[in-house]
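*Asks:*
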Amino acid sequence: DSLRVQNPGPRPLELKEAFTLFQIQYNRSYSNPAEYARRLDIFAQNLARAQRLQEEDLGTAEFGVTAFSDLTEEEFDQLYGNQRAAGRAPNMDRKVGSDEREES
Amino acid sequence: VPATCDWRKANVISPVKNQKSCSCCWAMAAAGNIEAQWGIKTGQPVEVSVQELLDCGRCGDGCRGGFVWDAFITVLNNSGLASEEDYPFQGAVRHKCQAKKHQKVAWIQDFIMLSDNEQRIARYLATEGPITVTINKKLLQGYTHGVIRATETTCNPDYVDHVVLLVGFGKTKSPEGRQAKDASSRPHRHSTPYWILKNSWGPAWGEKGYFRLHRGSNACGITKYPITARVALPAKKPHQVSCPP
Numbered sequence: 001d002s003l004r005v006q007n008p009g010p011r012p013l014e015l016k017e018a019f020t021l022f023q024i025q026y027n028r029s030y031s032n033p034a035e036y037a038r039r040l041d042i043f044a045q046n047l048a049r050a051q052r053l054q055e056e057d058l059g060t061a062e063f064g065v066t067a068f069s070d071l072t073e074e075e076f077d078q079l080y081g082n083q084r085a086a087g088r089a090p091n092m093d094r095k096v097g098s099d100e101r102e103e104s
Numbered sequence: 105v106p107a108t109c110d111w112r113k114a115n116v117i118s119p120v121k122n123q124k125s126c127s128c129c130w131a132m133a134a135a136g137n138i139e140a141q142w143g144i145k146t147g148q149p150v151e152v153s154v155q156e157l158l159d160c161g162r163c164g165d166g167c168r169g170g171f172v173w174d175a176f177i178t179v180l181n182n183s184g185l186a187s188e189e190d191y192p193f194q195g196a197v198r199h200k201c202q203a204k205k206h207q208k209v210a211w212i213q214d215f216i217m218l219s220d221n222e223q224r225i226a227r228y229l230a231t232e233g234p235i236t237v238t239i240n241k242k243l244l245q246g247y248t249h250g251v252i253r254a255t256e257t258t259c260n261p262d263y264v265d266h267v268v269l270l271v272g273f274g275k276t277k278s279p280e281g282r283q284a285k286d287a288s289s290r291p292h293r294h295s296t297p298y299w300i301l302k303n304s305w306g307p308a309w310g311e312k313g314y315f316r317l318h319r320g321s322n323a324c325g326i327t328k329y330p331i332t333a334r335v336a337l338p339a340k341k342p343h344q345v346s347c348p349p
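Protein sequences appear in the order of chains A and B.
Numbering follows this note's numbering, with no gaps: position 27 of the first sequence is 27.
Here this note's numbering = 1-based position in the second sequence + 104.
Listed below in C-alpha cells is the structure:
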C-alpha cells in the first residue's frame, strides 16, 4: 500500500544507524561482536514487529524503539513479566467485596 | 460518570517509579494505589515503601512476581507502611523485614475486587480514586505513545501478566493521531475513549511513564482483576476530593 511505498522499512545501513542511536540513547554495550550481531538481529525483528503492530492497531498507538528493543519477547517476559501471576490466579469468587461501599 | 477524569491533576499520584530488573509491578501498583487513596482521603500526599512490601511479603521472592492482594495483606499485617524515604527501593528482595524499625505513614482499612464492568470501574475511579488492574503486557514492549486499541487476537485478555495503576480516563479529540499516523487512510471521525494507566518502567518509557488503553473493549484484559485498597479514617471532617477533569 501507499504507506509501504513511502516507508519501505529500514535498510541494513539505516538499521545499523538506528541501532547505534538506540545504543547511545539507552547506554547499551555488548560484550563481543557475536552478541552485538545477535542484539542487532533482535532489534530488527522488534522494529518489524512494531511496524506490524502499528498497522494492526485500531487506535492511535505508535510502536517503535524503546528501552526494550534489544530484548526477545521471552527475555522481556522474564525481566518484566509477573511470572508468578501470569495467566493464572487463585480461584476466587468475584463477588468477594463490592465496589459499593455501603454493601461492604 | 464524568466524561473525563485524571487523578494526576489532584496531586495524589507519586512520581513514576522504575522497577528495573525486579518483577515487582504488583508491589509498585499496590503502593501507588495506597498513595492515591491516602492522598484523596486525607489530603496529605504520601510516598510509601515498595521495599517493605517485598521484604515483608508472606510469599517470599517478590522480585519474581506476586499478587496485589498479597501486598495489601502485608500492609494489614504490618498495620501500615513506612515511607519510601525511610525504607527505599533497592531493586532486590533482602528477605529481612525492616517494618518494625520505621514509622508508618499510611495504612488501609481493607481491600476489594471491583466488578468486571468498565462503566462501573470508571464510576469507582471517578468517585473513589485510582485502582490497580492486571493486564496482558504484550503490546507494551514497543509502545511509544497513543491509545492502544487491541483485539483479542493481538492482545489476549485472558492472559494477564502485568499490574499497573489506573489513574484516569478520557476521550481523544477527533481525529487525534490516526491522521498523522497513516496519511493514506481517512481520519477517524469518532473520538476514542481511553484509560490512563501508570506503569512502573520509569518516566522515559511511554507517555512520561504512562500509557493509554482503549476503554470499552476489555483491552488486554483490563477488567480481569480490578482491585483497590480502601482508606477510611475516623476523621471528624472527612476530606473529599473530586477527580479533576
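No residue lacks a Cβ here, since even glycine has one placed at the ideal position from N, Cα and C.
What you are looking at is a predicted structure, and each value in this text was computed from that prediction instead of being measured.
1. With the cut-off set at 8 Å, would you say residue 212 of chain B and residue 138 of chain B are in Cβ contact?
2. Measuring CB to CB, does residue 131 of chain B end up less than 8 Å from residue 157 of chain B?
3. So residue 272 of chain B and residue 110 of chain B are supposed to be a Cβ contact under 8 Å. How far apart are they, rounded?
4. Under 8 Å between the Cβ atoms of residue 186 of chain B and residue 175 of chain B?
5. Kindly confirm or deny that the segment 215-231 of chain B and the segment 315-330 of chain B touch, where touching means at least three C-beta pairs closer than 8 Å.
6. What residues in the segment 21-50 of chain A bring their beta carbon closer than 7 Å to a beta carbon of chain B?
7. Name the chain A residues whose beta carbon is nearer than 7 Å to that of residue 320 of chain B?
8. Between residue 269 of chain B and chain A, is any beta-carbon pair separated by less than 8 Å?
9. Verify the CB distance criterion: does residue 178 of chain B have a CB-CB separation below 8 Å to chain A?
10. Check whether the Cβ of residue 18 of chain A lies closer than 8 Å to any Cβ atom in chain B.
11. Look at the alpha carbon of residue 326 of chain B and the alpha carbon of residue 295 of chain B, and state the distance between them as a whole number of angstroms.
12. Restricting to runs no shorter than 4 residues, where is the alpha helix (DSSP H) found entirely within the segment 177-236 of chain B?
13. Quick one: what's got a C-beta closer than 8 Å to residue 200 of chain B's C-beta in the same chain, skipping five residues either side?
14. In chain order, what residues of the same chain have a beta carbon less than 8 Å from the beta carbon of residue 62 of chain A, not counting five sequence neighbours either side?
15. Run through the DSSP bridge pairs and tell me what residue 297 of chain B is partnered with.
16. If contacts are defined as beta-carbon pairs under 8 Å, then residue 31 of chain A and residue 23 of chain A qualify, I think. What distance do you get, rounded to the angstrom?
17. Closer than 8 Å, CB to CB, is residue 291 of chain B near chain A or not?
18. Could you pull out every residue in the same chain whose Cβ sits closer than 8 Å to the Cβ of residue 208 of chain B, ignoring the five residues on either side in sequence?
19. Which residue's Cα is closest to the Cα of residue 107 of chain A: B/312, B/307, B/259 and B/328?
*Replies:* To lay it out plainly:
1. If you number the second sequence from 1, residue 212 of chain B lands on position 108. If you number the second sequence from 1, residue 138 of chain B lands on position 34. The Cβ-Cβ distance between residue 212 of chain B and residue 138 of chain B falls below 8 Å.
2. For the purposes of this step, residue 131 of chain B is identified with residue 27 of the second sequence, where counting begins at 1. For the purposes of this step, residue 157 of chain B is identified with residue 53 of the second sequence, where counting begins at 1. In contact: residue 131 of chain B and residue 157 of chain B (Cβ atoms closer than 8 Å).
3. In the second sequence, residue 272 of chain B corresponds to position 168, counting from 1. In the second sequence, residue 110 of chain B corresponds to position 6, counting from 1. So it is a contact: roughly 4 Å between Cβ atoms.
4. Your numbering for residue 186 of chain B matches position 82 in the second sequence. Your numbering for residue 175 of chain B matches position 71 in the second sequence. By the CB criterion at 8 Å, residue 186 of chain B and residue 175 of chain B fall outside the cutoff.
5. yes
6. 46, 49 and 50
7. By one-based count along the second sequence, residue 320 of chain B stands at place 216. Chain A residues near residue 320 of chain B: none, gap ~11 Å exceeds 7 Å.
8. By one-based count along the second sequence, residue 269 of chain B stands at place 165. Judged by the 8 Å Cβ criterion, residue 269 of chain B is not in contact with chain A.
9. What you label residue 178 of chain B is simply residue 74 of the second sequence in a count that begins at 1. Not closer than 8 Å to any Cβ of chain A, the Cβ of residue 178 of chain B fails to qualify, so no.
10. Looking up residue 18 of chain A in the first sequence gives position 18. With 8 Å as the cut-off, residue 18 of chain A does not count as an interface residue toward chain B.
11. For the purposes of this step, residue 326 of chain B is identified with residue 222 of the second sequence, where counting begins at 1. For the purposes of this step, residue 295 of chain B is identified with residue 191 of the second sequence, where counting begins at 1. Cα to Cα, residue 326 of chain B sits roughly 20 Å from residue 295 of chain B.
12. Entirely contained in the segment 177-236 of chain B, the alpha helix (DSSP H) runs reaching 4 residues are, in chain order, 222-232.
13. Counting from 1 along the second sequence, the entry for residue 200 of chain B is found at position 96. Here the set comprises 159.
14. For the purposes of this step, residue 62 of chain A is taken as residue 62 along the first sequence, with counting starting at 1. The residues are 54.
15. Within the second sequence, the letter at position 193 stands for residue 297 of chain B. DSSP, once it has assigned bridges, lists B/275 as partnering residue 297 of chain B.
16. Residue numbering aside, residue 31 of chain A sits at position 31 when the first sequence is read from its first letter. Residue numbering aside, residue 23 of chain A sits at position 23 when the first sequence is read from its first letter. The Cβ separation is near 13 Å, so there is no contact.
17. Within the second sequence, the letter at position 187 stands for residue 291 of chain B. Unreliable positioning characterises residue 291 of chain B in this predicted model, as indicated by a pLDDT of 49, which lies under 50. The coordinate reading is nonetheless provided below. No, residue 291 of chain B does not count as interfacial toward chain A.
18. Start at 1 with the first residue of the second sequence, and residue 208 of chain B comes out as number 104. If we look at residue 208 of chain B and ignore the five residues flanking it on each side, its Cβ neighbours are 182, 183, 184, 185 and 186.
19. The structure shown does not extend to residue 107 of chain A, since chain A spans only 1 to 104, so no value can be given for it.
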